[in-house]
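Below is one structure, written out as structure tokens; the observations come after it.
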Amino acid sequence: MRKVPIVSLLVALLVALVTIKPAATTWTEATSFRPGGVLVRFKEGASAADVQAVLSRRGLAIEREIPHLGIKSLVVPPGQELAIAEGMRSDPSIEYAEPDYSASVAIIPSDPCWDNQWAPAKIGAPAAWEITTGNKEVIIAVLDTGVKLDHPDLAAKIWTNPGEVPANGLDDDQNGKVDDVHGWHFYHLCSGADCLPFEDNDP
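As structure tokens, then:
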């Protein structure tokens, strides 16, 4: 495969991510919420008496608490969730208040080893997937010493040069490279410390 400076690759990837326009149906703000519920978190230092005073003034009651998040779920009249949450946000003892919005999982990774991988989260892949999960028309180069052609994640996605007949020893597409079925290797052209003595698997 052709060696390309990693900095150039990263710059190209960054440009692609910031310029791509998401489809209208890809991302939607949460607009549905549980009727009759508002979630509230009081500021640190608010006493039990402070909490009760705020609730009493508004005629509200605590339905349940989520201690590890410091959140209280309040019972409110259905249809008044937005108005009550907005009113409570103006109280100096409240950190935030909002309706009990619904959320659902949009995409579940099918990779059985997903939980063992740190790299996707490190590069912000889940956030990028909110914009797009890829396009079959985009060809990606593997800048390494080869690729496992039968890998479950790659087997059906490996690009094949339609102008070449595999392993026939001929330059079928007349591009100056013989049997460049999945790409072309330049490993034998390198020199110095960056040259790794590994054969690739093309074709």
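Residue numbering for the sequence shown is 1114 to 1316, as defined by the working numbering. Just so you know, even glycine gets a beta-carbon here, dropped at the ideal spot from N, CA and C.
- W1242 has its alpha-carbon roughly 11 Å from the corresponding atom of P1233.
- The alpha-carbon separation between G1172 and S1217 amounts to approximately 31 Å.
- Excluding its 5 nearest sequence neighbours in each direction, R1154 has C-beta neighbours in its own chain below 8 Å: L1182, G1183, I1184, K1185, I1207, E1208, Y1209, A1210, listed in chain order.
- Exposed is the label assigned to L1267, since fewer than 16 other Cβ atoms lie within 10 Å of its Cβ.
- Ranked by Cα distance from Q1193, the options P1212, P1205, R1202 are led by P1212.
- C-alpha of V1151 to C-alpha of D1204: approximately 15 Å in a straight line.
- With 16 or more other Cβ atoms from the protein chains shown falling within 10 Å of its own Cβ, N1274 counts as buried.
- Burial check for G1200: the Cβ neighbour count within 10 Å stays below 16, so the residue is exposed.
- Excluding the 5 residues flanking it on each side, L1283 has same chain C-beta neighbours closer than 8 Å at V1291, D1292, in chain order.
- The residue among K1156, E1157, Q1230, I1175 with its C-alpha nearest the C-alpha of Q1165 is I1175.
- The DSSP-derived three-state label of E1277 is coil.
- Cβ neighbours of F1146 within its own chain (closer than 7 Å, five residues either side excluded): E1194, P1212, D1213, Y1214, S1215.
- Where P1233 is concerned, the enclosing alpha helix (DSSP H) starts and stops at 1232-1235.
- Assignment of beta-bridge partners to L1187 by DSSP yields V1151, I1175.
- In this structure, the straight-line span from the alpha carbon of T1245 to that of K1261 is close to 25 Å.
- When the beta-carbon positions are compared, A1254 and G1296 come within less than 8 Å of each other.
- Within the DSSP bridge table, the entry for E1211 names L1152 as partners.
- Counting of Cβ neighbours within 10 angstroms places E1277 among the buried residues, the total reaching 16 or more.
- Linking K1249 to W1231 through their CA atoms gives a straight-line distance of about 25 Å.
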